[in-house]
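For reference, the structure is listed below as structure tokens.
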Amino acid sequence: MKSTLPRLLAGSLLFCFSTLSSPAQAPAAKPADPLVSDGYVVVSAPLKETVSAVGTLRARESVVLVPSLSRRLVKVAFEEGSEVKAGDILFKLEDEDLVAGIASLEARRLLASQTEERRRELLTQKGISRQEYDAAKAELDALDADLRTRRVELAKTEVRAPFAGRTGFRLVSPGAWVTPSTPLVSLQDVSQLKVDFSVPEKNAVQIRDGQPFSFKVAGSGEVFTGLIAVIEPQIDASTRGLLLRGVCRQPGPALRPGAFAEVTVTLDAVLSGFPVPTQAVVPSAKGPGLFILTNGKAEFRDVSIGLRTPDKVQVLSGIKEGDTVLTTNLLRLRPGLQVRLSTATATP
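Below, the structure written as structure tokens:
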């Protein structure tokens, strides 16, 4: 039994030594799989630049009505928040003294008219002098002027709507003494809305009358459109911006004067260069560049870029129409690396 154990240990050591001294052959290395990437086929297409701005909504017409005379208010002829037409009477001031004064002047004018007519007949018959007739005629003309003045004052006791619109809060009550400095009610015409905003000075040459724009307001996901109607002739020296006024001809119930607006203006399309996806541009020591697929391999090209939009970049040089720009897996791309396209898209 003792002689058998040393022989077994010696056999095990010999087997282990023979195993370590003759290792198995390593399998042959497989070629690396091509890197998968999406591609974008370069196509010549115009690129539209957009400018974002903040604006304010304003009513087509807006006014705070005040009386023209200092008198007591006797009647309110409308409901708060109602629609009124141009020329509707909204407030009535006391007018008894004016009515009585006009009646007195009309009686005096009747007598003066009769006197002027009689003296005109006598003048033709040479029964009176020209001076006597002129005095009668002057008295009649003076009364006519006084009547016109009193009638204008009487008309001012009626505060009318200067345009059609919606009234706001009534600020006075019947019986109040009002003066030309007393606000009565606000009136807003919201059949159309104005949008006031500004764009940077560098974009001033790209703005024209009638240019379309879009805007959004807080609390509504709807996109509204309008046209630029007024361009301020000078640049604002404090902001270095060009002031613009647009008009929205079909405002919705979500739009109210005074609201904040996020405005987007689409400028004229730029025809030169090639638009490529923004994410395809790779920074390098020399500047921006693109990976191009050439004969199944990645090739890096330095490019010069122009305009930028949220999803496109205008490439001015370095690529040509028909090139395939790689847009994904950019961190793993290297010049000369084998690449297999998963998709290749183009935007005409």
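Throughout the sequence shown, residue numbering follows this note's numbering, covering -10 to 337 in sequence.
No residue lacks a Cβ here, since even glycine has one placed at the ideal position from N, Cα and C.
So for D84, helix, strand or coil by DSSP?
What you label residue 84 is simply residue 95 of the sequence shown in a count that begins at 1. Residue state, collapsed to three classes: coil.
Of the residues P23, F158 and G247, which one's Cα is nearest the Cα of S71?
In the sequence shown, counting from the first residue as 1, residue 71 sits at position 82. Of the candidates P23, F158 and G247, the one whose C-alpha sits nearest the C-alpha of S71 is F158.
Rank P266, R323, E288 and A144 by C-alpha distance to the C-alpha of P299 and give the top, closest one.
As a working note, residue 299 is residue 310 in the sequence shown. Relative to the Cα of P299, the nearest Cα in the group P266, R323, E288 and A144 belongs to P266.
If you pair each beta-carbon of the region 232 to 242 with each one of the region 289 to 296, do three or more pairs fall below 8 Å?
Not touching, per the Cβ criterion.
Residues of its chain near P246, where Cβ-Cβ distance is below 8 Å and the 5 sequence neighbours each way are ignored
To locate residue 246, count along the sequence shown from 1; it is residue 257. Here the set comprises L46, R47, A48, S51, Q177, V179 and L182.
Minimum C-alpha distance to T156 - residue among A144, F80 and L244
Residue mapping note: residue 156 aligns to position 167 of the sequence shown, counting from 1. Here the closest residue by C-alpha is F80.
Span of the alpha helix (DSSP H) holding K126?
Here residue 126 refers to the residue found at position 137 of the sequence shown. From DSSP, the alpha helix (DSSP H) with K126 extends over R119 to A144.
Near A248, what residues of its chain come up, given a Cβ to Cβ distance below 6 Å and the 5 sequence neighbours on each side ignored?
Position 259 of the sequence shown holds residue 248. Cβ neighbours of A248 beyond the five flanking positions: L46 and V206.
Nearest-angstrom Cα separation, counted from E68 out to D135
Residue mapping note: residue 135 aligns to position 146 of the sequence shown, counting from 1. Residue mapping note: residue 68 aligns to position 79 of the sequence shown, counting from 1. Spanning the two alpha carbons is a distance of roughly 36 Å.
Anticipated Cβ contact below 8 Å, P56 with V167, distance rounded:
Locating residue 56 in the sequence shown gives position 67, where the first residue counts as 1. Locating residue 167 in the sequence shown gives position 178, where the first residue counts as 1. About 5 Å separates the beta carbons of P56 and V167, which is inside the 8 Å limit, making them a contact pair.
Among all the DSSP beta bridges, which residues are the ones paired with D291?
For the purposes of this step, residue 291 is taken as residue 302 along the sequence shown, with counting starting at 1. Per DSSP, G278.
Name the one or two DSSP bridge partners that I224 has.
Position 235 of the sequence shown holds residue 224. The partner list for I224 (beta bridge, DSSP) reads L231.
Could you check whether the region 73 to 90 touches the region 187 to 195, counting it as contact only if at least three pairs of C-beta atoms, one from each stretch, sit closer than 8 Å?
no
Between the CA atoms of L256 and A226 - distance to the nearest angstrom
Along the sequence shown, one-based indexing puts residue 226 at 237. Along the sequence shown, one-based indexing puts residue 256 at 267. Approximately 23 Å between the Cα atoms of the pair.
Three-way DSSP call (helix, strand, coil) for R197 in this model
As a first step, residue 197 must be located in the sequence shown, where it is residue number 208. Taken through DSSP and simplified to helix, strand or coil, R197 comes out as coil.
For the region 22 to 37 and the region 127 to 146, state whether three or more C-beta atom pairs, one from each stretch, are separated by less than 8 Å.
no
With H, G and I counted as helix, E and B as strand and the rest as coil, what does DSSP make of R98?
For the purposes of this step, residue 98 is taken as residue 109 along the sequence shown, with counting starting at 1. Here R98 sits in helix by DSSP.
What's the C-alpha gap between R329 and D312?
On the sequence shown, residue 329 is found 340 positions in, with the first residue counted as 1. On the sequence shown, residue 312 is found 323 positions in, with the first residue counted as 1. Straight-line Cα distance between these residues: approximately 15 Å.
Looking at T146 and V161, is the spacing between their C-beta atoms short of 8 Å?
On the sequence shown, residue 161 is found 172 positions in, with the first residue counted as 1. On the sequence shown, residue 146 is found 157 positions in, with the first residue counted as 1. Result no, Cβ atoms of V161 and T146 do not sit closer than 8 Å.
Through-space distance from E142 to S102, alpha-carbon basis
For the purposes of this step, residue 102 is taken as residue 113 along the sequence shown, with counting starting at 1. For the purposes of this step, residue 142 is taken as residue 153 along the sequence shown, with counting starting at 1. Whole-angstrom Cα-Cα distance: 23 Å.
Indicate whether the contact test is met: 3 or more Cβ pairs, each with one atom in the region 268 to 280 and one in the region 200 to 214, closer than 8 Å.
They do not touch, by the three-pair rule.
Should A269 and T332 be called a contact, given that it needs their Cβ atoms to be closer than 8 Å?
On the sequence shown, position 280 is the one that residue 269 refers to. On the sequence shown, position 343 is the one that residue 332 refers to. In this structure, T332 does not lie closer than 8 Å to A269 by Cβ.
Kindly indicate which three-state DSSP category A413 falls into: helix, strand or coil?
Nothing about residue 413 can be read from this structure; the chain reaches only from -10 to 337.
Return the Cβ separation of P264 and K309 in integer angstroms, given the expectation that the two are a contact with Cβ distance under 8 Å.
Taking the first residue of the sequence shown as position 1, residue 264 is located at position 275. Taking the first residue of the sequence shown as position 1, residue 309 is located at position 320. With a contact defined as Cβ atoms closer than 8 Å, P264 and K309 miss out at about 14 Å.
Of the choices A125, L58 and L326, whose alpha-carbon is the least far from that of F280?
If you number the sequence shown from 1, residue 280 lands on position 291. Looking at A125, L58 and L326, the one whose alpha-carbon comes closest to that of F280 is L326.
Using 8 Å as the threshold, is the C-beta distance between G76 and A144 below it?
Here the question's residue 76 lines up with position 87 in the sequence shown. Here the question's residue 144 lines up with position 155 in the sequence shown. Remark: C-beta atoms of G76 and A144 do not approach each other more closely than 8 Å.
Give me the Cα-Cα distance between D22 and R321, rounded to the nearest whole angstrom.
As a position in the sequence shown, residue 22 is number 33, starting the count at 1. As a position in the sequence shown, residue 321 is number 332, starting the count at 1. C-alpha separation (whole angstroms): 13 Å.
Between T253, G262, G278 and L305, which lies nearest to L41 when the distance is taken from Cα to Cα?
Walking along the sequence shown from the start, residue 41 turns up at place 52. According to the sequence shown, residue 41 is Ser rather than Leu. The shortest C-alpha separation from S41 is found at T253.
Buried or exposed for G116, going by 16 or more other Cβ atoms inside 10 Å?
Looking up residue 116 in the sequence shown gives position 127. Classification for G116: exposed.
I think I294 touches L305, with their Cβ atoms under 8 Å apart; what is that distance to the nearest whole Å?
The residue you call residue 294 lines up with position 305 of the sequence shown. The residue you call residue 305 lines up with position 316 of the sequence shown. Taking C-beta atoms under 8 Å as the contact rule, I294 and L305 qualify, at a distance of about 7 Å.
Looking at the structure shown, is T113 part of a helix, part of a strand, or coil, going by DSSP?
Reading the sequence shown from its first residue, position 124 is the one you call residue 113. Three-state result, T113: helix.
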